[in-house]
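In the numbering used here, the protein residues as written are 6 to 155. All remarks here apply to the structure that follows.
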Ligand code: DAT
Ligand code: MG
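Structure (structure tokens):
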């Protein structure tokens with residue numbers, strides 16, 4: 006089954022939005038396959054954001070994501086990578102439509118509430134950065150037959 010990684014960033018945790026944000030993905034029908042609260046090390050942040058190294062915002066991005074705890078989750082379901090990105094909205098909250106996480110909850114690109122993997126390859130890479138295989142759980146949900154055919 007397809008999986009993706011989301012991170013509720015420090016501003017989301019500090020503002021008390023963890024439950025609200027996770028509830029949107031749960032309500033959509035995605036299954037939580039992994040979940041934890043962590044304070045990211047600089048090394049982990051650098052590995053996670055390696056593609057942005059050298060960009061003007063890189064240092065601020067790493068400093069911010071390591072500034073206080075974040076919630077990381079593995080979400081599972083059909084089309085979860087692309088649909089999660091749709092529900093999250095564009096990178097800049099000012100340009101994000103109402104109804105998206107960033108459109109509804111954010112103002113600043115540096116405080117855009119949430120990270121979501123941008124493709125299957127990055128999802129696999131990012132899940133492996135934050136979770137051991139044993140921490141990603143496979144379990145049936147009775148509700149699945151009401152959400153999507155297997
Ligand atoms: P996304 O998080 O939508 O995948 P991205 O991968 O291009 O966006 O950038 C990663 C994060 O870096 C983004 O969530 C916020 C920050 N960022 C991106 N562009 C920025 C900019 N122009 N100024 C400040 N921060 C930026
Ligand atoms: Mg990205």
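Here a beta-carbon is modelled for each residue, glycine too, at the ideal position from N, C-alpha and C.
Cα-Cα, which of the options is closest to residue i?
| i | options | result |
| --- | --- | --- |
| residue 10 | 24, 40, 34 and 32 | 40 |
| residue 140 | 34, 14, 84 and 78 | 78 |
| residue 116 | 108, 123 and 122 | 108 |
| residue 50 | 105, 61 and 71 | 71 |
| residue 145 | 27, 36 and 13 | 36 |
Taking the beta carbon of residue i as the centre, do at least 16 other beta carbons fall within 10 Å, making it buried, or is it exposed?
| i | result |
| --- | --- |
| residue 143 | exposed |
| residue 57 | exposed |
| residue 16 | buried |
| residue 21 | exposed |
| residue 101 | buried |
If you measure between the beta carbons of residue i and residue j, is that distance less than 8 Å?
| i | j | result |
| --- | --- | --- |
| residue 92 | residue 38 | no |
| residue 86 | residue 153 | no |
Should residue i be counted as a contact of ligand 4 given a C-beta to heavy atom distance under 7 Å?
| i | result |
| --- | --- |
| residue 125 | In the structure on display, ligand 4 does not appear, and the ligands it does have are ligand 1 and ligand 2. |
Any heavy atom of ligand 1 inside 7 Å of the beta-carbon of residue i?
| i | result |
| --- | --- |
| residue 62 | yes |
| residue 134 | no |
| residue 114 | yes |
| residue 57 | yes |
| residue 89 | no |
| residue 25 | no |
| residue 53 | no |
| residue 80 | no |
Subject >> beta strand (DSSP E) runs wholly inside the segment 70 to 144, at least 3 long, in chain order >> reply: Given a length threshold of 3 residues, each whole run of the beta strand (DSSP E) inside the segment 70 to 144 is given here in chain order: 75 to 81 and 119 to 121.
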